[in-house]
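K.L.:
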Amino acid sequence: INLNKYLDRDRYLQYGVVALAAVESVGGRVLWQSEVEQTVIGDQRDQYDEIIAVWYPSRSAFLGLMNHPGYLEAAEHRLASLEHATLLTITTPQD
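One point on numbering: in this note's numbering, the residue at position 51 of the sequence shown is 76, and numbering is uninterrupted.
(1) Anyone know if the C-beta pair for Leu-56 and Val-42 falls short of 8 Å?
(2) With respect to the alpha helix (DSSP H) encompassing Arg-54, which residues constitute its N-terminal and C-terminal limits?
(3) Considering only C-alpha positions, which residue in the set Arg-34, Ser-50, Asn-29, Ile-66 is nearest to Tyr-81?
(4) Using the three-state DSSP reduction, which class does His-93 fall into: helix, strand or coil?
(5) Could you check what DSSP says for Leu-107 in three-state terms: helix, strand or coil?
(6) What separation, rounded to the nearest whole angstrom, lies between the Cα atoms of Leu-90 and Leu-32?
(7) Can you have a look at Asn-29 and say buried or exposed, based on whether 16 or more other CB atoms are within 10 angstroms of its CB?
(8) What three-state label does DSSP hand Val-42 in the structure shown?
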């Protein structure tokens, strides 16, 4: 789960194009994305603009993003475009 507060959403999209290709190259997929409408419980630090849920087939697939051509360079756009972000990982129950 990616929680993003943007400084420059357009610059984040420069990262997003490369990131999506990287996610797909390791067998992952974006499950859903949504604008955050309201923070019900939390303080100023908990204010986010967007939430994105991404599924990966394994933790090693997630770590494999770094090996995708251009990913590390694109990650510079991510860092520059975010006021702050939170990345949460979970293990989903098996069917």
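Ideal Cβ placement from N, Cα and C applies to all residues, glycine included.
P.N.:
Once the coordinates are examined:
(1) no
(2) It is not in any alpha helix (DSSP H) - Arg-54 instead sits in the beta strand (DSSP E) that spans 54-60.
(3) Ser-50
(4) coil
(5) strand
(6) 24 Å
(7) buried
(8) helix
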